[in-house]
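Going down the list, the protein sequences come from chains A and B.
First residue of the first sequence? That's 0 in numbering that gives the first Met the number 0, and the numbers climb one at a time after it.
First residue of the second sequence? That's 0 in numbering that gives the first Met the number 0, and the numbers climb one at a time after it.
Ideal placement from N, C-alpha and C gives every residue a C-beta, glycine not left out.
Right, one structure below, let's go through it.
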Amino acid sequence: MGIYSPVRRRLIIALLLSSVLLLTLDLRGNQIFDTMRNGFQQAMDPLESAAEVVSRPIRNAWRGITQYDDLADENEDLRRQLEAQRADQITYRAAVIEFQALLELNNLPSLSDYDAVTARVIGETPNNLDQIIEIDKGEDDGIDVGMAVVSEGGLVGKVTRVFDDRSFIMLVRDQRFAVRAKVPGAAPEEPEGPEPPPTSANAIPHDDLTTTTTLPPSTTTTVPGATSSTAPGGVPGSSTSTTSTTSTTTTTTIAATTTTTIPPTEKETGTVVGQGRGEPILLRFVRENIDAGRFEVGDAVMTEGGEGSLSPPDIPIGTISRIRRQSGSAGPMIEVQLGADLERLSFVRIVLYQSLEEAAGDGG
Amino acid sequence: MIAAFIQSPVFRLLPVGVILLALQNTLFVDLQPAGVIVQVLLALAAAAGAAGGADRGALAGFVLGLIYDLGTDSPIGATALTMALGGVVAGIAWTIMVDPPWWLAAVFTTIGAAAGELAVPVLRIFIGEAEAFEPRFTRVVIVVAIAAGALSPLFVPLSRWCLRIRKPDWKALAE
């Protein structure tokens with residue numbers, strides 16, 4: 000740097016310090032900067048539209064060169080999957096209708112209870128670190144920071160910045176994204192080793208269940224003459240004797256009751272975090288309960304909701320694609336295959352849901 | 000004052016930066032070699048450094064970074080700082096040779112762009128983000144740097160035009 004005069008050095012230092020000053024002011028929240036940014040982005044709109052039109056042939060050519068084989072393979076794969084899922088879809092649709100009806104019957108909230116706004120994706124952040132998209136709806140449509148964003152496939156992200164007529168959405172795969180999640184209905188694991196043979200028609204191999212067995216009257220004896228008897232094994236209080244001079248009828252009802260606990264449908268909770276573009280989504284801080292059931296590839300992952308969560312419960316996030324069990328006390332590292340296709344987002348829905356804490360904060 | 004602004008290096012840099020930002024937001028978001036978004040504004044800032052020295056690189060990086068911050072969701076000043084750093088690092092070329100040949104300018108544009116891209120997560124850590132480094136970050140830096148080097152034969156003359164750097168200026172600096 001010997002060729003630089005002190006003036007030039009001072010200029011470099013002044014520019015760097017100015018950047019730091021601007022950064023500090025913006026991070027502290029500055030209305031002027033927000034207004035400037037909004038105005039600049041609105042001014043950029045026509046220019047970006049022009050650039051979009053001008054660059055379309057180049058982009059199409061690029062896609063043709065780089066993605067043709069992938070698209071052909073994907074198309075074939077999707078056709079196969081579509082065929083396989085057609086029958087499942089009918090079954091699932093019926094199940095969803097039943098589920099919604101049950102929720103309604105029990106006055107439980109479901110996702111369809113919340114209002115939602117449909118918005119068009121108009122941009123994507125052009126850097127390699129942030130996973131943020133821009134939509135064409137904002138505060139004027141009731142959108143607020145923190146609201147969950149979904150597509151047909153499930154959770155897409157959350158609103159991080161709102162202007163009057165546009166908003167920015169942080170995608171699930173962003174490294175800063177985190178949402179409470181649950182794995183509902185993990186199936187109990189079958190005990191290892193040979194299964195013991197059932198002892199009777201009523202036998203249940205798992206001893207963790209409540210059984211109430213009412214045996215039919217075990218003894219019905221009609222004895223000439225005055226005889227009164229109680230069947231062996233009869234339980235006092237549960238046997239009745241009727242004696243008459245001509246005949247005696249003994250009726251015994253044995254009620255054997257074992258009371259234990261049935262494990263409820265398991266609900267393991269953790270936190271879903273992004274790891275950046277091209278990396279799998281992780282479900283962390285989850286503890287596997289062997290007694291209740293182990294996670295399996297294909298298990299559904301959904302938002303947990305709750306008082307402190309910004310997202311309502313039961314939004315599908317995806318399915319478990321890989322489980323890395325770790326030794327020691329650390330819980331498993333679970334990779335989640337997202338339900339939503341973040342590479343092809345054209346329209347999204349913003350769930351106009353505010354958590355109880357947020358709503359209380361607004362009210363107070 | 001208006002005449003001074005028109006004569007200043009920033010005057011030409013602003014429209015070029017805005018046009019490049021429009022292309023960045025549309026064309027280069029789609030054109031992703033190895034899944035990485037090429038950073039054209041950073042490439043221009045680094046090219047300005049290689050073409051005009053560290054101070055001009057810092058100025059170009061600051062202006063282009065501000066345009067980028069205003070046009071995207073990144074905090075204002077964050078990209079200005081990283082691009083200015085990229086321009087300064089690329090300007091180290093001038094410590095070797097005041098009028099570097101195209102290939103040396105390309106090499107220093109590559110180095111400057113790598114430094115600028117590397118500074119992004121470092122800055123994010125400073126402003127409180129816990130996990131700013133992505134697992135694929137090495138690939139991101141390499142692709143962004145190589146792309147900047149590849150664009151330098153175009154961007155070095157463009158930055159000379161923007162910053163009004165003429166041949167006599169280079170010679171004067173060399174003497």
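- Beta-carbon proximity check, B:A92 vs B:P99, cutoff 8 Å: Taking 8 Å as the Cβ cut-off, B:A92 and B:P99 qualify as a contacting pair.
- Query: How about B:I145 and B:A50: are their beta carbons less than 8 Å apart?
  - Reply: Cβ atoms of B:I145 and B:A50: not closer than 8 Å.
- Message: Going by DSSP in three states, A:P204 sits in which element: helix, strand or coil?
- Response: Residue placement at A:P204 is poorly supported in this model, since its pLDDT is 38, which falls under 50; the coordinates still yield a value, given next. In the structure shown, A:P204 sits in coil (DSSP, three-state: anything other than H, G, I, E or B).
- Task: Excluding the 5 residues preceding and the 5 following B:P120 in the sequence, name in chain order all residues of the same chain whose CB lies nearer than 6 Å to its CB.
- Result: Contacts found: A131 and F132.
- Specify, as a first and last residue, the run of the beta strand (DSSP E) that A:A339 falls within. For A:A339, no beta strand (DSSP E) run applies, since DSSP gives it neither H nor E.
- Message: Please confirm whether A:S54 has its beta-carbon closer than 8 Å to some beta-carbon of chain B.
- Response: Chain B contact via Cβ: present.
- Task: Report the three-state DSSP secondary structure of B:M96 (helix, strand or coil).
- Result: Looking at B:M96 - three-state DSSP - the assignment turns out to be coil, as it is neither helix nor strand.
- Neighbour flag for B:Q23 against chain A, beta carbons, 8 Å: Interface annotation, B:Q23: in contact with chain A, CB-CB separation under 8 Å.
- Message: Please tell me whether A:V347 and A:S150 are closer than 8 Å, where the distance is taken between their beta carbons.
- Response: Result yes, Cβ atoms of A:V347 and A:S150 sit closer than 8 Å.
- Query: At a CB-CB cut-off below 7 Å, which residues of chain A make contact with B:P74?
  - Reply: Ordered by position in chain A, the residues that pass the 7 Å Cβ test against B:P74 are L22, D25 and L26.
- Flag this pair as touching only if the stretch 133-150 of chain A and the stretch 310-318 of chain A have three or more C-beta atom pairs under 8 Å; answer yes or no. The stretch 133-150 of chain A is in contact with the stretch 310-318 of chain A.
- Task: Starting from the Cα of A:G273, find the closest Cα among A:N74, A:I57 and A:Q130 and give me that residue.
- Result: If we check each option's Cα against that of A:G273, A:Q130 comes out closest.
- Message: At the level of alpha carbons, what is the spacing between B:V35 and B:T137?
- Response: So the alpha carbons of these two residues sit roughly 11 Å apart.
- Taking B:G127 as the reference, which of A:R175, A:I333 and A:V155 has the closest Cα? For B:G127, the nearest C-alpha among the options comes from A:R175.
- Query: Is B:L19 near B:L40, with beta carbons less than 8 Å apart?
  - Reply: Yes, Cβ-Cβ distance for B:L19 and B:L40 is below 8 Å.
- Taking the alpha helix (DSSP H) that B:T108 falls in, what are its first and last residues? In the DSSP assignment, B:T108 falls within the alpha helix (DSSP H) that extends over W101 to F125.
- Since A:A118 and B:T25 are thought to touch, with beta carbons under 8 Å apart, how far apart are those beta carbons, to the nearest angstrom? Actually they do not touch by this definition, with Cβ atoms about 19 Å apart.
- Message: On the DSSP letters alone, give me the boundaries of the beta strand (DSSP E) that A:L281 sits inside.
- Response: That run of the beta strand (DSSP E) goes I280 to R283.
- Message: Please report whether the beta-carbon of B:R135 lies at a distance below 8 Å from any beta-carbon of chain A.
- Response: For B:R135, a Cβ of chain A is located within less than 8 Å of the residue's own Cβ.
- Task: Would you tell me roughly how many angstroms separate the C-alpha atoms of A:V285 and A:T302, rounded to the nearest one?
- Result: C-alpha separation (whole angstroms): 14 Å.
- Drop a sphere of 10 angstroms on the beta-carbon of A:N126, count the other beta-carbons inside from all chains shown, and report buried for 16 or more, exposed for fewer. By the 16-neighbour rule on beta-carbons within 10 angstroms, A:N126 is buried.
- Item | Proximity to A:P56 [Cα-Cα], best of B:A21, B:L30 and B:L43 | Cα-wise, what sits closest to A:P56 is B:L30.
- Secondary structure of A:I322, DSSP reduced to three states: Strand at A:I322.
- Task: Answer yes if the stretch 64-76 of chain A comes into contact with the stretch 109-120 of chain B, meaning at least three C-beta pairs across the two stretches below 8 Å, and no otherwise.
- Result: The stretch 109-120 of chain B makes no contact with the stretch 64-76 of chain A: fewer than 3 CB pairs, one atom from each, lie closer than 8 Å.
- Query: Start and end of the beta strand (DSSP E) containing A:M169?
  - Reply: In the DSSP assignment, A:M169 falls within the beta strand (DSSP E) that extends over S166 to L170.
- Query: For the stretch 117-135 of chain A, which residues have a beta carbon sitting closer than 9 Å to at least one beta carbon of chain B?
  - Reply: Going along the stretch 117-135 of chain A in chain order, one finds G122, E123, T124, P125, N126, N127, L128, D129, I131 and E133 with a Cβ nearer than 9 Å to chain B.
- Query: Name the DSSP bridge partner or partners of A:A177?
  - Reply: DSSP lists A:V272 as partners of A:A177.
- Over the uninterrupted alpha helix (DSSP H) stretch that includes A:S150, give me the two end residues. According to the DSSP assignment, A:S150 belongs to no alpha helix (DSSP H) but to the beta strand (DSSP E) extending over A147 to S150.
- Where do the N-terminal and C-terminal ends of the beta strand (DSSP E) with A:G153 fall, by residue? Run containing A:G153: G153 to V161, per the beta strand (DSSP E) assignment.
- Message: Strictly under 8 Å for the Cβ-Cβ distance: is A:A365 near chain B by that measure?
- Response: The structure shown has nothing for residue 365 of chain A, since chain A only spans 0 to 363.
- Message: On the CB-based measure, 16 or more other CB atoms within 10 Å of its CB, does A:G224 come out buried or exposed?
- Response: Note that A:G224 scores 41 on pLDDT, short of 50, meaning its location in the model is unreliable; the coordinates nonetheless yield the value given after this. Taking a 10 Å sphere around the C-beta of A:G224, we find fewer than 16 other C-beta atoms and assign the residue as exposed.
- List the residues of chain B whose Cβ lies closer than 9 Å to the Cβ of A:G277, in chain order. Here the neighbours are G34, E133, P134 and R135.
- Message: Please identify the residue among B:I95, B:V155, B:P74 and B:T78 whose C-alpha is closest to the C-alpha of B:G115.
- Response: Of the candidates B:I95, B:V155, B:P74 and B:T78, the one whose C-alpha sits nearest the C-alpha of B:G115 is B:T78.
- Task: Can you grab the Cα-Cα spacing for the pair A:V335 / A:R179, in whole Å?
- Result: Straight through space, the alpha carbons of A:R179 and A:V335 are spaced by roughly 14 Å.
- Query: How many angstroms separate the CA atom of B:L122 from the CA atom of A:L128?
  - Reply: If you take the alpha carbons of B:L122 and A:L128, they lie about 12 Å apart.
- Query: Whose CA, out of A:T270, A:D164 and A:R321, lies closest to the CA of A:T34?
  - Reply: Closest option to A:T34, Cα to Cα, is A:D164.
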